[in-house]
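**Student:**
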Amino acid sequence: MIAKIGKIEIGGKNPVTVQTMYDRPVSDIDDVINQIVSLKALGCDFMRFAYVNESERETFKQICQRSCMPLVADIHFDYKLAMDAFDLGFDKVRINPGNIGSKWKSLEVFKKARDLGKCIRIGLNSGSLPKNLENEAQSDLMVNTALQYLEWAESVNFNNSVVSLKSTDCDITYDAAAKFALQSDYPQHLGVTEAGSVISSTVRGTWVMSRLLMDHIGSTIRYSINGSIESEVIAGVELLRTLGLRKKGVRIIACPRCGRYSFDSHKMLESVENELLKSDKNVCVAFMGCQVNGPGEAKNADLAITGIGNKTFIYKKGELYKEVDKKNAVQEFWKAFEEL
Ligand code: SF4
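Sequential numbering of the sequence shown, starting at 3, is according to the numbering used here.
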């Protein structure tokens, strides 16, 4: 099955997409639009916003009109807001029919999406499932509930759906997605919800999503990281690149540093990383902590940088390209990068 979100299709043989959820105030519309542009450059395909009440109607209308990527409205409880989100220009709405209330309210949302050619994510979290009367495994309950909601959608001839079955528990999330894929080929949105701190959420999300993606399960991914939304996008793109599911972009090598280090490679990387990751160049760039081992370890990189004292050394394909003063290191790095 294919789902269409604005001009982007997911599912089937389409490329896996990356998304995140906006977590900042939306009152400054220019600022929101600039951030959407910046996140798109990092590799984000969709952005989700919580649409919580009608006071934000005009703001979201303008954001939808000006956005360079399809936008998704996240709706809890109020089916009227879901209907309204389509009118505002959102291309997709995320609902959990279980907390929308009555079945007829969900059917109204499906019908409106059908009439306007919009997409719906049926988003189930393990914390908001119907009562488990038969004591079935939680992953089975999630799958069966999602299949039931899809039947509701299909009963009104709506099938532009995406499904997510998320839990804070990695095993349940994995099992639910894998079991669902055995019974349905609706596109799945993958992610481990509320997965913890930056490191734990990245590790746990990677553990679950990489196994599923390698089994060709999952059409769009979101890392839920207790950090910046940029980090969610960077992690998502990095995962796809690591799995060979996305080709474009810079591959970064950075040494962990040890007692030999003479160049602050961590600081150098931090100062250029976000801009570097916005590049489409298919190149490898290395940030190494010393001149003793750094150039050798990075000899296959298209561009490498290290240094000692006030001197910074820039290498291309393992050969010394330029020796520059430390204070000009960032500027000279970018010049060398542009030449690649
Ligand atoms: Fe240590 Fe130098 Fe290797 Fe970095 S490049 S880990 S500083 S030896």
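For each residue, glycine too, the CB sits at the ideal point set by N, CA and C.
CB F51 to CB Y81, shorter than 8 Å?
**Tutor:** Contact: no.
**Student:** Return yes when at least one heavy atom of ligand 1 lies under 7 Å from the C-beta of M290, else no.
**Tutor:** Yes, the beta carbon of M290 sits closer than 7 Å to at least one heavy atom of ligand 1.
**Student:** What's the C-alpha gap between V213 and E325?
**Tutor:** Checking the displayed sequence, the identity of residue 213 turns out to be Arg instead of Val. Distance between the alpha carbons of R213 and E325: 44 Å.
**Student:** Residues bridged to R50 by DSSP?
**Tutor:** According to DSSP, which records beta bridges pairwise, R50 is partnered with M23, V74.
**Student:** Take N98 and list the residues in its own chain whose beta-carbon comes closer than 8 Å to its own, dropping the five residues that flank it on each side.
**Tutor:** Counting only Cβ-Cβ distances below 8 Å, and skipping sequence neighbours, we find H78, I124, G125, L126, N127, S130.
**Student:** Please check the pair G45 and V20, which I expect to be a contact at CB under 8 Å, by giving their CB distance rounded to whole angstroms.
**Tutor:** About 6 Å separates the two Cβ atoms, so the contact holds.
**Student:** Would you give the residue range spanned by the alpha helix (DSSP H) that N36 belongs to?
**Tutor:** Looking at the DSSP string, the run of the alpha helix (DSSP H) that includes N36 is 31 to 44.
**Student:** Look up D327 in the DSSP assignment and give the residues it is bridged to.
**Tutor:** DSSP output for D327 lists K313 as bridge partner(s).
**Student:** Can you tell me whether C70 is buried or exposed? The criterion is at least 16 other CB atoms within 10 Å of its CB, across all chains shown.
**Tutor:** Flag for C70 reads exposed.
**Student:** Roughly how many angstroms lie between the CA atoms of A306 and G298, to the nearest whole one?
**Tutor:** A306 and G298: Cα-Cα distance of roughly 10 Å.
**Student:** How is R248 classed by DSSP in three states: helix, strand or coil?
**Tutor:** Coil, per DSSP.
**Student:** On a CA-only basis, which of L184, S199, C172 is nearest S192? Give me that one, please.
**Tutor:** The sequence given here places Leu at residue 192; Ser does not occur at that position. Among L184, S199, C172, the Cα nearest to that of L192 belongs to C172.
**Student:** Taking DSSP as the reference, what is the three-state secondary structure of I12?
**Tutor:** It is a strand residue.
**Student:** Can you find a heavy atom of ligand 1 that lies under 7 Å from the Cβ of Y317?
**Tutor:** Answer for Y317: no, Cβ out of range of ligand 1.
**Student:** What does the alpha-carbon distance come out to for the pair E138 and H218?
**Tutor:** Cα to Cα, E138 sits roughly 26 Å from H218.
**Student:** Along the beta strand (DSSP E) that carries A5, what are the first and last residues, could you check?
**Tutor:** First-last of the beta strand (DSSP E) with A5: 5 to 7.
**Student:** Give the DSSP-derived three-state secondary structure of S141 in the structure shown.
**Tutor:** Helix.
**Student:** Rounded to a whole number of angstroms, what is the C-alpha to C-alpha distance between G251 and R206?
**Tutor:** Answer to the nearest angstrom: the Cα atoms are 24 Å apart.
**Student:** Consult DSSP for I219 and reduce its assignment to one of helix, strand or coil.
**Tutor:** Coil.
**Student:** Using a threshold of 7 Å, is the CB atom of C257 nearer than that to any non-hydrogen atom of ligand 1?
**Tutor:** Flag set: Cβ of C257 near ligand 1.
**Student:** Measuring only from the beta carbon, is C286 closer than 7 Å to any heavy atom that is part of ligand 1?
**Tutor:** No - ligand 1 has no heavy atom lying nearer than 7 Å to the Cβ of C286.
**Student:** Confirm, please, whether the CB-CB distance from E58 to V28 is below 8 Å.
**Tutor:** Contact: yes.
**Student:** What do you reckon, are the CB atoms on V158 and K120 nearer than 8 Å?
**Tutor:** No, these two residues do not count as a Cβ contact at 8 Å.
**Student:** How would you write the range of the beta strand (DSSP E) that S163 sits in, first residue to last?
**Tutor:** Unbroken beta strand (DSSP E) run through S163: 163 to 168.
**Student:** So, helix, strand or coil for Q150, using DSSP?
**Tutor:** Residue state, collapsed to three classes: helix.
**Student:** Counting pairs of Cβ atoms below 8 Å between the region 260 to 274 and the region 230 to 241, do you hit three or more?
**Tutor:** Output reads no: the region 230 to 241 does not touch the region 260 to 274.
**Student:** On a Cα-Cα basis, can you pick out the residue from M216, G8, I12, R26 that is closest to I231?
**Tutor:** Taking only the C-alpha atoms, the option nearest I231 is R26.
**Student:** From the DSSP secondary-structure annotation, give me the bridge partner or partners of N127.
**Tutor:** For N127, which the question treats as bridged, DSSP gives the partners K168.
**Student:** Just to confirm, is the Cβ distance from A155 to F182 under 8 Å?
**Tutor:** Result no, Cβ atoms of A155 and F182 do not sit closer than 8 Å.
**Student:** Are S169 and Y188 touching if we call contact CB-CB under 8 Å?
**Tutor:** Contact flag unset, no.
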